[in-house]
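So for the sequence shown, this note's numbering puts the first residue at 7; every next one is plus one.
Glycine included, C-beta positions come from ideal geometry on N, C-alpha and C.
Working notes, structure below.
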Amino acid sequence: MFGAHYDESKDIYRGVAAKAQQIVRSLGHEDVIRREAQLATNVMVLLRSEHVAEDAPPSVRALNLVDFLISRQMGRRLRGAAREWDRYVRLSLSTGGVYPASQAKDLLGDHDNLSHAFSVFNGDLSEGELGLREDLVSYWRRMVERQKGRPNDPRLATDAEALADLFLVNKRLQEKGDEARVVLVTGDENLVKATYGGVTLSRASIREPDLRDYLVSQSSPMATDFSLRYVRHLWAYIEDALIGRDALKDSHVADFFNGLLAKGAERTSFSAELTERIALFPKEHQDLIPSLERINVALSDWIDLSTSGTFQSGLNDFAINDEFRQTILDIVLKSDAKLEWSAMLRLIQEQIDQEQDRLTTNLSDTGIAPLVKAGLLGARNPPDLNFASFPITQSIFTKLAHGAYGDAKDFERDFASIKDDCVLPVDRGQIDDRQLSYLKYVVLGAAFASADKWSVALEHAAMARAILDRREAPIPPIPHGREGEKSTKVITGREALFLSATAQRIVAETDADLETARTYLVRAERALGSNPETNPTERFAHKVRFDGERLALGLARYYLERSLTNFQCDDLYDAALTHARVVAKLPMSEHWQGPARDIARVSIAINLVQISAISTFRTFEGWGRPDDAIDIVRHVPEYLQVVKSLVRLPEGLRGPGGSESTGTLTCSNLMTAYYIAGALIARSSGGEVSKQVSTEQLMASFPSMQTSVVTKYDPWRYQRLLEFCNRISLPPYAGNAD
Numbered sequence: 007m008f009g010a011h012y013d014e015s016k017d018i019y020r021g022v023a024a025k026a027q028q029i030v031r032s033l034g035h036e037d038v039i040r041r042e043a044q045l046a047t048n049v050m051v052l053l054r055s056e057h058v059a060e061d062a063p064p065s066v067r068a069l070n071l072v073d074f075l076i077s078r079q080m081g082r083r084l085r086g087a088a089r090e091w092d093r094y095v096r097l098s099l100s101t102g103g104v105y106p107a108s109q110a111k112d113l114l115g116d117h118d119n120l121s122h123a124f125s126v127f128n129g130d131l132s133e134g135e136l137g138l139r140e141d142l143v144s145y146w147r148r149m150v151e152r153q154k155g156r157p158n159d160p161r162l163a164t165d166a167e168a169l170a171d172l173f174l175v176n177k178r179l180q181e182k183g184d185e186a187r188v189v190l191v192t193g194d195e196n197l198v199k200a201t202y203g204g205v206t207l208s209r210a211s212i213r214e215p216d217l218r219d220y221l222v223s224q225s226s227p228m229a230t231d232f233s234l235r236y237v238r239h240l241w242a243y244i245e246d247a248l249i250g251r252d253a254l255k256d257s258h259v260a261d262f263f264n265g266l267l268a269k270g271a272e273r274t275s276f277s278a279e280l281t282e283r284i285a286l287f288p289k290e291h292q293d294l295i296p297s298l299e300r301i302n303v304a305l306s307d308w309i310d311l312s313t314s315g316t317f318q319s320g321l322n323d324f325a326i327n328d329e330f331r332q333t334i335l336d337i338v339l340k341s342d343a344k345l346e347w348s349a350m351l352r353l354i355q356e357q358i359d360q361e362q363d364r365l366t367t368n369l370s371d372t373g374i375a376p377l378v379k380a381g382l383l384g385a386r387n388p389p390d391l392n393f394a395s396f397p398i399t400q401s402i403f404t405k406l407a408h409g410a411y412g413d414a415k416d417f418e419r420d421f422a423s424i425k426d427d428c429v430l431p432v433d434r435g436q437i438d439d440r441q442l443s444y445l446k447y448v449v450l451g452a453a454f455a456s457a458d459k460w461s462v463a464l465e466h467a468a469m470a471r472a473i474l475d476r477r478e479a480p481i482p483p484i485p486h487g488r489e490g491e492k493s494t495k496v497i498t499g500r501e502a503l504f505l506s507a508t509a510q511r512i513v514a515e516t517d518a519d520l521e522t523a524r525t526y527l528v529r530a531e532r533a534l535g536s537n538p539e540t541n542p543t544e545r546f547a548h549k550v551r552f553d554g555e556r557l558a559l560g561l562a563r564y565y566l567e568r569s570l571t572n573f574q575c576d577d578l579y580d581a582a583l584t585h586a587r588v589v590a591k592l593p594m595s596e597h598w599q600g601p602a603r604d605i606a607r608v609s610i611a612i613n614l615v616q617i618s619a620i621s622t623f624r625t626f627e628g629w630g631r632p633d634d635a636i637d638i639v640r641h642v643p644e645y646l647q648v649v650k651s652l653v654r655l656p657e658g659l660r661g662p663g664g665s666e667s668t669g670t671l672t673c674s675n676l677m678t679a680y681y682i683a684g685a686l687i688a689r690s691s692g693g694e695v696s697k698q699v700s701t702e703q704l705m706a707s708f709p710s711m712q713t714s715v716v717t718k719y720d721p722w723r724y725q726r727l728l729e730f731c732n733r734i735s736l737p738p739y740a741g742n743a744d
């Protein structure tokens, strides 16, 4: 999705959620809950009284009341459509299915022409292209305004910029002789009509000289046939797709997609003659028409997305099935007569919550496939999550850390097998799969985190935590084995909390956000203490990663404050240095091993390099004594050795034949940048890291800041780090290593 349109779409969805929440607040949230609970109670009283009567009503009547009860309880917990719509947006729209065009350059890195063309969306324009783009924006704004008739509409600029970028990216492809095309697909009929007639000299203004010069110098039909080649509408496709799968009937498929066919771009429907001609002689139109298979797949995907949005908004169609309704009915009719109505409401709500967990984990799983196809799954190491008692689940984290998922089916197969890790007893005629849902949430959170989608990871962690937060009588504890027998498959919430701490730290925009991350970390440590079955070796491994995360949090506090104020932040530096000294000796410890623990070792090593870089920089600036962190800095070569032994370093840092790096963990841009900084620090102090890799090679491997931005302070951090590396690589700091 083009950048401006991507941002606009997110703003619209957020606005819908915010408006719905405002309505709830204006009614008074407590009043809403009280009213919903009372309605649910009334229905339960009616159900029980009618079923104990001699002339009990037909079961259909009872199930209708159950449907009403389910609907009311859903509204009570989720605060109406606002909560669900907001969740749907974050999980479905912000996950693997929709990307801003600015990411295309990196996703298509293996295709030189496409990568070059798509860099338009990153603002990577030549001087001549800058002038042409400015004129194109002016041109398209006039065309769109003329069609829409709303001169003050702020969306005119959004549309004009999108069409200008569309023109430039296709211009680049044409100049390279590449047959690929970038096509704008939109449901805005007026926007499509605004492109009719293309870009012509007769319509270009004299105030658009660069555009006029281009049109005079070019004989290509690209500009005049702009609408035919590069713009499609899909309003009929969307309208009919929302009806449901019954619409997928034989010849109707072509009608749904008439807007996608280039020869129908100037109209909203096909004539019977043209449709028949295309059907009989498809080879004549194969350059403009997608295959029927692709059409069916695309329509099916759209229906899935549309209907999943409906499910997330109300869950009515999904939840109201015979088995689920019968479970709710049994709770009402068979519960102890002494059970208070509020307690019974909690039992009913728990069934609804479990049903929603099943739906949400299945929906989120669909977002993984696009990540795999885009090469994003496992693009960085996931948080160091530890499930020693759940080997299948643990293996998924291991594969994510090693970038082993090259096929979406591999992940889907492993994801489906998580159930084999779980205790799944039957309760009230229904499987108690809370343990399974918890593990799935955390796995999905780690998967999205490995793709640098941390806000989505945080949302999944929150839903995993919610499963444990609901454990309030009369809801039974989450089963972890046969009654009376000891079991190691105990869910304490530790890993969901640790994932929450890590994700919250990375998405934090304020110090208050970082304090929330610290709270999650403290709760994770408490959860560890709540399970007496954990053996000493495992406890040590958990302590290592908790201490490592505490150091990462201290660094985040320092970076955030420095980026916002540019003060020296001595107190935050001292706090981070204290945490660094706690973990300084841990990365080299060899008596704790394993893939997940390797992630902790690498993370700690990189963070110790970071504190070393900060200390060295502060020494340069005269902000502290040279020996402030000498006990940390002098061990930088050892930290780098940990990284080399565990991580797949970029080719430029490996040395001849790659012999300098034997690891298999994913190397993120952050690791690359600080490995370079660490190597330069070691050389500046007379140490040796590698005889084969020169200072020039190190600096040439420094990652692009544009592709490394994850946290709020990353733009500031990478810029300052690059300046630091350039500074330390020059005499008198570089020494004679080269």
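For residue i, the three-state DSSP class (helix, strand or coil)
i    : result
T313 : Annotation note: pLDDT 41 at T313 (below 50); position unreliable, coordinate value reported separately. Three-state DSSP puts T313 in a helix.
D293 : Residue placement at D293 is poorly supported in this model, since its pLDDT is 43, which falls under 50; the coordinates are not used for a value here.
I437 : strand
V496 : coil
L335 : helix
T432 : A quick correction: the sequence has Val, not Thr, at residue 432. It is a strand residue.
I617 : helix
Q318 : Confidence in Q318 is poor, its pLDDT being 37 and thus under 50, which makes the residue's placement unreliable; the coordinate value appears in the next sentence. Helix.
F263 : Any reading at F263 needs caution, since the residue's pLDDT is 38, under 50, leaving its predicted position unreliable; the model's value is listed next. The answer is coil: DSSP assigns F263 none of H, G, I, E or B.
D231 : coil
A380 : coil
Q360 : helix
L33  : Reliability of the predicted coordinates at L33 is poor, the pLDDT of 48 falling under 50, and no value is obtained from them.
L207 : coil
G684 : helix
K446 : helix
R631 : coil
C731 : helix
Q224 : coil
K591 : coil
T366 : helix
V513 : helix
Bridge partners - residue i, DSSP secondary structure assignment
i    : result
V237 : L190
L671 : V653
Proximity winner among the options, relative to residue i (alpha-carbon distances)
i    : options                : result
R147 : L335, M228, A166, Y680 : A166
D141 : R209, G628, E195, D576 : R209
R218 : L207, M228, P227       : L207
A107 : N158, M50, A168        : A168
F393 : Q703, A229, Q441, E515 : Q441
Q400 : A685, L566, E501       : E501
N368 : R419, T672, F730       : R419
L365 : L75, M469, A463, R238  : M469
L570 : Y145, K718, T701       : K718
L704 : V715, S714, I687       : I687
N128 : L172, V222, D519       : L172
L75  : R352, G630, Q224       : R352
Any chain B beta carbon closer than 8 Å to residue i
i    : result
V715 : Of the protein chains in the structure, only one exists, and it is not chain B.
> Which ranges would you report for the alpha helix (DSSP H) in the segment 639 to 664 if only whole runs of at least 4 residues count?
Replying inline: Counting only runs of 4 or more residues that sit fully inside the segment 639 to 664, the alpha helix (DSSP H) segments are 642 to 652, 657 to 660, in chain order.
> Between the segment 675 to 683 and the segment 608 to 618, do at least 3 Cβ pairs fall closer than 8 Å?
Replying inline: The segment 675 to 683 vs the segment 608 to 618: in contact.
> Taking only runs of the alpha helix (DSSP H) that begin and end inside the segment 526 to 586, which ones reach a length of at least 4 residues, in chain order?
Replying inline: The qualifying runs are 542 to 571.
>> I want to know whether the segment 477 to 485 touches the segment 512 to 523 - three or more CB-CB distances under 8 Å.
In response: Contact between the segment 477 to 485 and the segment 512 to 523 is absent, because fewer than three Cβ pairs lie under 8 Å.
>> Closer than 8 Å is the cut-off here; do at least three beta carbon pairs connect the segment 402 to 414 with the segment 377 to 392?
In response: The segment 402 to 414 is in contact with the segment 377 to 392.
>> I'd like to know if the segment 713 to 727 and the segment 559 to 570 are in contact, where contact means that at least 3 CB-CB pairs between them fall below 8 Å.
In response: Enough Cβ pairs lie closer than 8 Å, so yes.
> Are the segment 169 to 178 and the segment 117 to 126 in contact at 8 Å, needing three or more beta carbon pairs?
Replying inline: Yes, the segment 169 to 178 touches the segment 117 to 126.
> Taking only runs of the alpha helix (DSSP H) that begin and end inside the segment 121 to 197, which ones reach a length of at least 4 residues, in chain order?
Replying inline: Every unbroken stretch of the alpha helix (DSSP H) spanning 4 or more residues and falling wholly within the segment 121 to 197 is given here in chain order: 133 to 154, 161 to 181.
>> Restricting to runs no shorter than 4 residues, where is the alpha helix (DSSP H) found entirely within the segment 458 to 488?
In response: With a minimum length of 4 residues, the continuous alpha helix (DSSP H) runs that stay inside the segment 458 to 488 are 460 to 475.
> Curious, which full-length alpha helix (DSSP H) runs of at least 4 residues does the segment 382 to 426 contain?
Replying inline: Fully contained in the segment 382 to 426 are the following alpha helix (DSSP H) runs of length 4 or more, in chain order: 397 to 407, 414 to 422.
>> Taking 8 Å as the cut-off, does the segment 550 to 563 touch the segment 579 to 586 (at least 3 CB pairs, one atom from each stretch)?
In response: With a cut-off of 8 Å, the segment 550 to 563 and the segment 579 to 586 count as touching, because enough Cβ pairs lie within range.
>> With three or more C-beta pairs closer than 8 Å as the rule, is the segment 147 to 161 touching the segment 191 to 202?
In response: Result yes; three or more Cβ-Cβ pairs closer than 8 Å.
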